[in-house]
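Trainee:
Chains as they are written, first to last, in our numbering: chain Y, 1 to 379; chain R, 1 to 379.
(1) Residues of chain Y with CB under 9 Å from residue 22 of chain R, in chain order?
(2) Nearest to residue 138 of chain R by CA position, among R:321, R:284 and R:93, is which residue?
(3) Let me know the secondary structure DSSP gives residue 158 of chain Y once reduced to three states.
(4) Can you name, in chain order, every residue of its own chain whose Cβ lies under 6 Å from the Cβ of residue 284 of chain R, other than the five neighbours on each side?
(5) DSSP three-state label for residue 315 of chain Y, please.
(6) Name the chain Y residues that come within less than 8 Å of residue 297 of chain R, Cβ to Cβ?
(7) My parser needs the alpha helix (DSSP H) runs of 4 or more residues fully inside the stretch 255 to 290 of chain Y; what are they?
(8) Considering only residues of the stretch 114 to 159 of chain R, which uninterrupted beta strand (DSSP E) runs meet the minimum length of 3 residues and lie entirely inside it, listed in chain order?
(9) Can residue 273 of chain Y and residue 66 of chain Y be called in contact, C-beta distance under 8 Å?
(10) Can you give the beta carbon distance from residue 159 of chain R to residue 190 of chain R, rounded, assuming they're within the 8 Å contact cut?
(11) Could you compute how far the alpha carbon of residue 145 of chain Y sits from the alpha carbon of residue 100 of chain Y?
(12) Quick one: Cα of residue 141 of chain Y to Cα of residue 90 of chain Y, how far?
(13) Return no unless some Cβ of chain Y is closer than 8 Å to the Cβ of residue 300 of chain R.
(14) Check for me: the alpha helix (DSSP H) holding residue 79 of chain R runs from which residue to which?
(15) Any C-beta of chain R sitting closer than 8 Å to the C-beta of residue 341 of chain Y?
(16) Give the secondary structure of residue 197 of chain Y by DSSP, where H, G and I count as helix, E and B as strand, and everything else as coil.
(17) For residue 324 of chain Y and residue 291 of chain Y, what's the separation of their Cα atoms in angstroms?
(18) Taking only beta-carbon atoms, is residue 307 of chain R less than 8 Å away from chain Y?
(19) Consult DSSP for residue 381 of chain R and reduce its assignment to one of helix, strand or coil.
(20) In whole angstroms, what separates the C-alpha of residue 375 of chain R from that of residue 287 of chain R?
(21) Reducing DSSP to helix, strand and coil, say where residue 240 of chain R ends up.
(22) Which same chain residues end up closer than 8 Å to residue 301 of chain R when comparing Cβ atoms and leaving out the 5 residues on each side of it in sequence?
(23) Express the C-alpha separation of residue 115 of chain Y and residue 130 of chain Y in angstroms, rounding to a whole number.
(24) Within its chain, find whatever has a CB closer than 6 Å to the CB of residue 126 of chain Y; leave out the 5 residues flanking it on each side and keep chain order.
(25) Quick one: Cα of residue 18 of chain R to Cα of residue 253 of chain R, how far?
(26) Can you list the beta strand (DSSP E) stretches of 3 or more residues lying completely in the stretch 169 to 232 of chain Y, in chain order?
(27) So that I know if they touch, is there some Cβ in chain Y lying closer than 8 Å to that of residue 322 of chain R?
(28) What is the rounded straight-line gap between the Cα of residue 8 of chain Y and the Cα of residue 2 of chain Y?
(29) Output the boundary residues of the alpha helix (DSSP H) element that contains residue 332 of chain Y.
(30) Quick one: complete alpha helix (DSSP H) runs, 4+ long, within the stretch 28 to 66 of chain Y?
(31) Is the Cβ-Cβ distance between residue 220 of chain Y and residue 249 of chain Y less than 8 Å?
(32) Alpha carbon to alpha carbon, how far is residue 153 of chain R from residue 379 of chain R? Give it in angstroms, no decimals.
(33) Could you check if residue 217 of chain R is buried or exposed, using at least 16 other CB atoms within 10 Å of its CB as the buried criterion?
(34) Give a yes or no on whether the minimum CB-CB distance between residue 398 of chain Y and chain R is below 8 Å.
(35) Just checking: is the beta-carbon of residue 83 of chain Y within a distance shorter than 8 Å of some beta-carbon in chain R?
(36) Expressed to the nearest angstrom, what Euclidean distance is found between the alpha-carbon atoms of residue 75 of chain Y and residue 228 of chain Y?
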């Protein structure tokens with residue numbers, strides 16, 4: 001059965017692409033960065049600021065939401081958009097990744113994964129069918145297949161086993177999704193770690209099954225950036241050019257530039273908000289660590305040319321003070337500043353690809369970053 | 001020397017008053033509620049929301065600000081308004097109250113108070129003259145005299161000693177303030193605990209010294225509400241009718257109604273933001289504890305007739321979820337909702353006093369509160 005296509009490719013520049021993905025809750029301009037609102041909220045940001053910063057779509061974590069407040073409850077309250085007040089496109093992960101990293105006593109077999117909630121210790125079963133059902137209850141515009149993700153480095157046999165299991169789950173998710181209303185989407189996830197032949201096998205099998213879009217999973221899980229980018233470069237060309245490609249859990253602004261250059265359309269990452277809570281700002285001049293004492297008497301804003309009010313108007317001295325004093329407002333301002341920076345970068349990238357000037361944009365962006373002071377936290 | 005008057009009394013209704021206090025950074029409509037931005041930030045709120053909620057003036061804590069980031073630093077950065085971005089009227093306390101409650105190893109004598117910073121243990125001296133100097137460096141529109149505040153219940157001898165010391169400090173603060181530019185104000189603070197003759201002595205002596213306005217201190221420090229209100233009722237008539245009267249550290253919405261009825265013009269309190277962080281909303285229907293499980297499936301907002309967007313649009317189910325999940329957004333929304341409620345109440349009160357319908361407003365407000373579910377935390 002053919003899977004309908006909601007993605008329109010508008011322009012390419014080398015392997016870089018820009019397009020439009022139409023979801024039931026609105027249009028997503030690609031390349032797109034999805035801020036992460038794990039448990040139905042963006043840490044430190046009002047939804048209006050997430051939107052005003054230029055976000056078209058956000059990511060919700062199925063694992064968190066199914067445990068609390070519960071998928072059936074959210075469905076009864078009208079779905080995730082009505083529940084949260086984020087009235088735009090939303091992608092949910094399958095829950096699998098966080099089962100592996102957050103829950104205790106997990107057991108994985110062909111039927112899915114069984115685990116104990118980190119909140120109350122309750123035993124929960126997540127099968128491929130249940131993963132799709134939960135995401136449908138949440139009313140997410142884009143659901144992800146259940147998969148098994150292996151931390152790198154890992155043995156080839158373990159990587160292969162997880163990849164094969166993920167493929168069997170992909171087929172079951174695809175079948176379970178067939179009753180979803182028109183316009184909603186399901187993405188398959190390419191696994192295979194850092195082993196090129198396994199990645200190729202996974203990608204081809206997923207394309208045979210057929211999905212609305214394709215994700216590359218199992219990266220940004222401990223491997224060097226060069227390994228991640230090499231894998232992206234190998235896998236992206238194996239995916240259908242007319243479907244969106246989503247690199248999961250990535251990344252730094254540099255990661256985004258390099259991955260877009262290799263043909264990626266969508267990203268999600270906690271880096272802008274998590275670093276914001278730790279006192280780090282992403283700016284046009286690179287990352288700025290506001291904890292540093294040299295900002296204490298500095299009346300300058302982070303970037304006086306920025307269109308984002310907090311980036312343009314709030315002094316480094318005030319941000320430094322808020323961070324040092326542990327004031328919530330510091331985390332709120334820096335999270336908002338960082339999301340705004342990421343979305344401004346994505347807008348500039350989309351524009352450059354349309355004009356065929358993506359390489360120049362990358363060069364100019366890197367030259368400006370050279371003024372930054374420390375590397376952002378990746379963990 | 002006569003102290004200039006910047007207060008204009010517009011209307012009275014019984015002992016209740018409404019007026020305008022003109023400061024260097026703008027006009028304050030009274031009765032006024034001042035949200036507390038202790039260390040140069042309002043916990044959980046952006047300044048724009050503090051303003052949009054209807055706040056004319058906010059309070060900053062001299063104790064916090066002098067220790068971090070430091071008064072001289074804030075002065076070099078253009079004062080508290082430019083430093084924080086709150087470009088409106090600001091009142092600062094003298095620091096004395098928090099020296100007593102937060103710092104270790106304090107020593108009080110006629111010269112002032114010596115203490116160790118709770119942040120880094122540094123030894124700090126706060127004399128009446130330094131308290132005024134610090135507040136001038138902060139550029140606060142309204143400075144408070146240094147005083148000694150005694151927790152109740154207390155022995156009469158201790159209350160009298162602190163009251164007399166506060167009077168001596170009042171004179172020294174008044175002299176120290178004489179070089180302040182036109183338009184800036186200094187308030188004296190009536191002390192005397194729950195002992196009427198001491199309160200009378202304090203009030204008369206302060207009026208003889210002469211201040212731009214008068215505060216009633218040493219209340220809401222452990223005594224029953226009836227004792228607080230009886231003291232307010234005794235003291236308010238002793239203060240000049242043409243000067244603003246400020247009841248420090250008060251209070252619940254009920255406290256505000258009762259104090260305004262006795263002639264108070266200004267208040268400050270952490271209750272709306274602190275309770276917001278603990279999951280409690282102040283609403284037209286009384287306090288609502290969002291932690292309560294009965295809200296988990298409730299799609300209704302807190303008050304669908306409210307003009308404040310978050311009060312009107314955000315469901316109780318979502319607020320309950322955010323509070324239970326410990327999401328920052330829950331504290332952010334409830335703090336904002338509570339400040340908006342307090343300021344809406346103050347606006348209604350000002351309007352009612354102008355129309356001579358303050359008693360009816362109090363009755364209607366109390367009838368609506370009867371739907372609330374638990375008492376707010378006072379601590």
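A virtual CB, placed ideally from N, CA and C, is assigned to each residue, including glycine.
Given the structure is predicted, the values throughout are model-derived calculations rather than measurements.
Mentor: Checking against the coordinates, here is how it stands:
(1) As a position in the second chain, residue 22 of chain R is number 22, starting the count at 1. The contacting residues do not exist; residue 22 of chain R stays about 26 Å from chain Y at best.
(2) For the purposes of this step, residue 138 of chain R is identified with residue 138 of the second chain, where counting begins at 1. Answer by Cα proximity: R:93.
(3) As a working mapping, residue 158 of chain Y is identified with position 158 in the first chain. Helix at residue 158 of chain Y.
(4) Within the second chain, the letter at position 284 stands for residue 284 of chain R. For residue 284 of chain R, where only same-chain residues beyond five positions count, the Cβ hits under 6 Å are 303 and 368.
(5) Residue 315 of chain Y sits at position 315 when you count from the first residue of the first chain. The answer is strand: DSSP assigns residue 315 of chain Y an E or B state.
(6) Your numbering for residue 297 of chain R matches position 297 in the second chain. Under the 8 Å cutoff, chain Y gives 73, 76 and 77.
(7) 271 to 277
(8) 123 to 126 and 142 to 144
(9) Along the first chain, one-based indexing puts residue 273 of chain Y at 273. Along the first chain, one-based indexing puts residue 66 of chain Y at 66. Not in contact: residue 273 of chain Y and residue 66 of chain Y (Cβ atoms no closer than 8 Å).
(10) On the second chain, position 159 is the one that residue 159 of chain R refers to. On the second chain, position 190 is the one that residue 190 of chain R refers to. So it is not a contact: roughly 12 Å between Cβ atoms.
(11) In the first chain, the residue the question calls residue 145 of chain Y occupies position 145. In the first chain, the residue the question calls residue 100 of chain Y occupies position 100. Approximately 15 Å between the Cα atoms of the pair.
(12) As a first step, residue 141 of chain Y is located in the first chain; it is residue number 141 there, counting from the start. As a first step, residue 90 of chain Y is located in the first chain; it is residue number 90 there, counting from the start. Each residue's Cα considered, the two are about 5 Å apart.
(13) As a working mapping, residue 300 of chain R is identified with position 300 in the second chain. No, because no Cβ of chain Y sits closer than 8 Å to the Cβ of residue 300 of chain R.
(14) Numbered from its first residue, the second chain carries residue 79 of chain R at position 79. Unbroken alpha helix (DSSP H) run through residue 79 of chain R: 79 to 84.
(15) Locating residue 341 of chain Y in the first chain gives position 341, counting from the first residue. Output row for residue 341 of chain Y: interface = no.
(16) Looking up residue 197 of chain Y in the first chain gives position 197. Residue 197 of chain Y falls in the helix class under three-state DSSP.
(17) Here residue 324 of chain Y refers to the residue found at position 324 of the first chain. Here residue 291 of chain Y refers to the residue found at position 291 of the first chain. Between residue 324 of chain Y and residue 291 of chain Y, the C-alpha separation is close to 6 Å.
(18) As a first step, residue 307 of chain R must be located in the second chain, where it is residue number 307. Chain Y contact via Cβ: absent.
(19) A query on residue 381 of chain R cannot be resolved here, the shown segment of chain R reaching from 1 to 379 and no further.
(20) For this step, residue 375 of chain R is matched to residue 375 along the second chain. For this step, residue 287 of chain R is matched to residue 287 along the second chain. Note that residue 375 of chain R scores a pLDDT of 49, beneath 50, so its modelled location is shaky; the value from the coordinates is reported in the next line. Whole-angstrom Cα-Cα distance: 7 Å.
(21) Translated into the one-based positions of the second chain, residue 240 of chain R becomes position 240. It is coil, neither helix nor strand.
(22) Locating residue 301 of chain R in the second chain gives position 301, where the first residue counts as 1. Within the same chain, residue 301 of chain R has close Cβ partners 311, 312, 313, 314, 315 and 316.
(23) Your numbering for residue 130 of chain Y matches position 130 in the first chain. Your numbering for residue 115 of chain Y matches position 115 in the first chain. Going by the C-alpha atoms only, they are around 14 Å apart.
(24) To locate residue 126 of chain Y, count along the first chain from 1; it is residue 126. Correct list, in chain order: 95, 112 and 113.
(25) On the second chain, position 18 is the one that residue 18 of chain R refers to. On the second chain, position 253 is the one that residue 253 of chain R refers to. Straight-line Cα distance between these residues: approximately 17 Å.
(26) 185 to 190 and 213 to 216
(27) Here residue 322 of chain R refers to the residue found at position 322 when the second chain is read from its first residue. Yes, residue 322 of chain R counts as interfacial toward chain Y.
(28) In the first chain, the residue the question calls residue 8 of chain Y occupies position 8. In the first chain, the residue the question calls residue 2 of chain Y occupies position 2. Each residue's alpha carbon lies about 17 Å from the other.
(29) For the purposes of this step, residue 332 of chain Y is identified with residue 332 of the first chain, where counting begins at 1. Unbroken alpha helix (DSSP H) run through residue 332 of chain Y: 328 to 355.
(30) 47 to 52
(31) As a position in the first chain, residue 220 of chain Y is number 220, starting the count at 1. As a position in the first chain, residue 249 of chain Y is number 249, starting the count at 1. Yes, Cβ-Cβ distance for residue 220 of chain Y and residue 249 of chain Y is below 8 Å.
(32) Walking along the second chain from the start, residue 379 of chain R turns up at place 379. Walking along the second chain from the start, residue 153 of chain R turns up at place 153. Low local confidence applies: a pLDDT of 44 at residue 379 of chain R is under 50, so the model's placement there is unreliable, and no value is given.
(33) What you label residue 217 of chain R is simply residue 217 of the second chain in a count that begins at 1. When all chains shown are included, residue 217 of chain R counts as buried.
(34) Residue 398 of chain Y lies beyond the stretch modelled for chain Y, which goes from 1 to 379, so this question has no answer here.
(35) Translated into the one-based positions of the first chain, residue 83 of chain Y becomes position 83. Answer yes: the Cβ-Cβ gap between residue 83 of chain Y and chain R drops below 8 Å somewhere.
(36) Taking the first residue of the first chain as position 1, residue 75 of chain Y is located at position 75. Taking the first residue of the first chain as position 1, residue 228 of chain Y is located at position 228. Answer to the nearest angstrom: the Cα atoms are 37 Å apart.
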